[in-house]
Amino acid sequence: MYSKDGRDLFISKEIPFFAISPSPMPYLKSVVPSDGESTEVFSRDDKVLEFVFSESMDRRSTEAALSCDSMGDKIVEWLDDDHVLHVITGKTLSPWTSYRWSISEKALSRDGAPLARAVSGRFITDLDAEFPRVLKIIPLLKSEALGDWGCWLPADLNLEKGLGPSQGIGVEFSKPMDGESLKRAFSFEPSLPGRVDQLSATKAVYIPDRNPEAETNYTLKINGDIKDSGGLKMGNDNVLLFSSDIPQLKIMSFYSAEDTVILKPERGMVIKTYIDEAGGGVLRFTMHFSLPFKEEVQNDAAFRITLEPFFPGNLPPVSLRFVRWPYTDQIRMDWEGLQIGKPGESHYYRLVLPGGRNGMANGDGSYFKEETWFLIEAVGNEE
40 MYSKDGRDLF
50 ISKEIPFFAI
60 SPSPMPYLKS
70 VVPSDGESTE
80 VFSRDDKVLE
90 FVFSESMDRR
100 STEAALSCDS
110 MGDKIVEWLD
120 DDHVLHVITG
130 KTLSPWTSYR
140 WSISEKALSR
150 DGAPLARAVS
160 GRFITDLDAE
170 FPRVLKIIPL
180 LKSEALGDWG
190 CWLPADLNLE
200 KGLGPSQGIG
210 VEFSKPMDGE
220 SLKRAFSFEP
230 SLPGRVDQLS
240 ATKAVYIPDR
250 NPEAETNYTL
260 KINGDIKDSG
270 GLKMGNDNVL
280 LFSSDIPQLK
290 IMSFYSAEDT
300 VILKPERGMV
310 IKTYIDEAGG
320 GVLRFTMHFS
330 LPFKEEVQND
340 AAFRITLEPF
350 FPGNLPPVSL
360 RFVRWPYTDQ
370 IRMDWEGLQI
380 GKPGESHYYR
390 LVLPGGRNGM
400 ANGDGSYFKE
410 ETWFLIEAVG
420 NEE
């Protein structure tokens, strides 16, 4: 183009225009669970949300536009030519909790069209409204046969009647329970260390590391924070009082030479006993116990009994010459080296049966509550 005087003219003009995609704007056709819906408690790696779009979506922009509150790491899965988006939880969700999600307009279709409008919603994990509870607590005995309690058999109808030696504590719940919380749920006063084995979805057994203390009262507490498999807590502690069904050992009678019999001798009492001084200062006696001793512990039990000079202090030591168990609840012992007293000077020897769990035990959980001892006064047959 030229001007009248012949100069060249250069014309510049801006013409605005819009780039219109031939594809329609995508929109969210459906979502599961729907907004405000009650759901179960989803476990880790479960599919929590399913979004269905009207168009194939751009993965990168859609994932960036998606927000899921408090659901852990966001794990996604695309299906149906990128029309369907699954969200998988990275952790087990909490019960009775509202979870929110949203997708902003920055989500694009595969053709670059933005989402028609931002969307959001929520779901509530309150579908399960039944809290777990304890149905029964019973003593169990180990068994070779399998039954309702696995390789354990009920020893009684309830624990209040007592927990015996080598027994476990069976607990049945109203719902399937979370195994990890079961391991931390049991506590005892006084202490009774042990472990928990889950026998089935609703049953567990507490296995003590050792027998309970003989004739002792215990308090069992099952913590209210214990959870079912869906995460619901029991709420209140379950407390049960029970006693050990293990009697303490007692001495029923003491037999010595010349038909001397003392029934239920009292701790610390003085027992006048004939000594065969001519035969080596031998003391012979038999003790009858309240409970039998297992054969495998009889030798150990016998050698825990001691006899030592007590008064006067210059008496020589004595030694065990003979021991035998004529019956499982009776022990016969011969000690030698005792000296009988003199006029004006009595001779005493201290017979000791150690007590407590680490003392003299019968192999079936029973033992003397405390150290049991007597003073043996060594006398000649003329007395």
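In terms of my numbering, the sequence shown opens at residue 40 and continues consecutively. Cβ atoms here follow ideal geometry from the backbone N, Cα and C, with glycine treated the same way.
Considering only their Cβ atoms, is the gap separating residue j from residue i smaller than 8 Å?
i      : j      : result
Leu330 : Leu302 : no
Glu144 : Pro134 : no
Ala240 : Val210 : no
Asn250 : Gly404 : yes
Glu94  : Ser148 : yes
Asn420 : Tyr313 : yes
Tyr388 : Phe324 : no
Which residues in the same chain have their Cβ closer than 6 Å to the Cβ of residue i, if we skip the five residues on either side of it in sequence?
i      : result
Val391 : Thr345 and Trp412
Glu422 : Caution applies to Glu422, whose pLDDT of 48 falls short of 50 and renders its modelled position unreliable; the value that the coordinates give is listed next. Closer than 6 Å at Cβ, skipping near neighbours: no residue.
Lys266 : Asp217, Ser220 and Lys272
Thr367 : Pro331 and Phe332
Ser69  : Val91
Glu199 : Phe281
Glu410 : Pro393 and Gly394
Arg46  : none
Glu116 : His125
Val362 : Ala341 and Met372
Lys52  : none
Lys260 : Ser226, Asp276 and Val278
Pro351 : none
Ala146 : Ser100, Thr101, Ala104 and Leu154
Closest to residue i by CA distance: which of the options is it?
i      : options                           : result
Ser82  : Gly395, Met110, Asp284 and Gly383 : Met110
Glu347 : Phe328, Gly274, Ala104 and Gly376 : Gly376
Asp167 : Thr136, Gly318 and Ile310         : Thr136
Arg139 : Arg161, Ala146, Asp150 and His125 : Arg161
Trp72  : Met64, Phe332 and His125          : The amino acid at residue 72 is misidentified as Trp; the sequence shows Pro. Of the candidates Met64, Phe332 and His125, the one whose C-alpha sits nearest the C-alpha of Pro72 is His125.
Phe281 : Glu254, Ser268, Asn275 and Thr299 : Glu254
Ile379 : Arg363, Pro365 and Val357         : Val357
Leu354 : Glu416, Gly203, Glu228 and Glu199 : Glu416
Gln337 : Met326, Pro351 and Trp364         : Trp364
Gly395 : Phe407, Ile314, Asp195 and Leu279 : Phe407
Pro215 : Tyr257, Phe361, Ser268 and Leu196 : Ser268
Tyr257 : Gly270, Asp248, Ser230 and Arg234 : Ser230
Lys222 : Gly189, Pro204 and Pro247         : Pro247
His327 : Ser292, Gly307 and Glu409         : Ser292
Pro382 : Val418, Ser51 and Leu279          : Val418
Gly319 : Asp236, Ala104, Pro351 and Leu359 : Leu359
Trp374 : Leu322, Glu384 and Glu334         : Leu322
Ser159 : Ala104, Ala194 and Pro193         : Ala104
How many Å lie between residue i and residue j at the Cα?
i      : j      : result
Leu118 : Ala157 : 21 Å
Ser106 : Asp97  : 16 Å
Ser62  : Val91  : 17 Å
Ile39  : Ser220 : Given a span of 40 to 422 for the chain in the structure shown, any question on residue 39 remains unanswerable.
Leu414 : Arg343 : 17 Å
Asp120 : Ser77  : 30 Å
Pro178 : Val80  : 33 Å
Gly201 : Phe170 : 29 Å
Ile54  : Thr164 : 56 Å
Val123 : Gly151 : 17 Å
Pro204 : Ser283 : 8 Å
Pro304 : Ile285 : 22 Å
Ile290 : Ile310 : 14 Å
Ser141 : Val173 : 40 Å
Gly307 : His386 : 16 Å
Ala317 : Phe227 : 57 Å
Ile114 : Asp74  : 21 Å
Gly398 : Val235 : 29 Å
Leu196 : Lys175 : 9 Å
Asp108 : Leu88  : 12 Å
Ser213 : Gly189 : 18 Å
Asp112 : Asp187 : 40 Å
Ala194 : Pro232 : 21 Å
Ser100 : Asp44  : 59 Å
Asp315 : Glu334 : 30 Å
Spatial neighbours of residue i within its chain, please: C-beta separation below 8 Å, excluding the five flanking residues on both sides.
i      : result
Gly263 : Lys272, Met273, Gly274, Asn275, Asp276 and Asn277
Trp191 : Leu179, Leu180, Lys181, Ser182, Gly207, Gly209, Leu238 and Val244
Ala400 : Leu288, Val336, Ala340 and Tyr406
Val300 : Ser292, Phe293 and Tyr294
Ala224 : Val235, Ile261, Asn262, Asp264 and Ile265
What does a CB cutoff of less than 7 Å around residue i pick up in its chain, not counting 5 residues either side in sequence?
i      : result
Ala155 : Met64, Pro65 and Tyr66
Ala184 : none
Gly270 : Val80, Thr131, Ser133 and Pro134
Strictly under 8 Å for the Cβ-Cβ distance: is residue i near chain D by that measure?
i      : result
Ser282 : In the displayed structure, chain D is absent; only one protein chain is listed.
Evaluate the contact criterion for the stretch 71-88 versus the stretch 114-129: three or more CB pairs, one atom per stretch, below 8 Å.
yes
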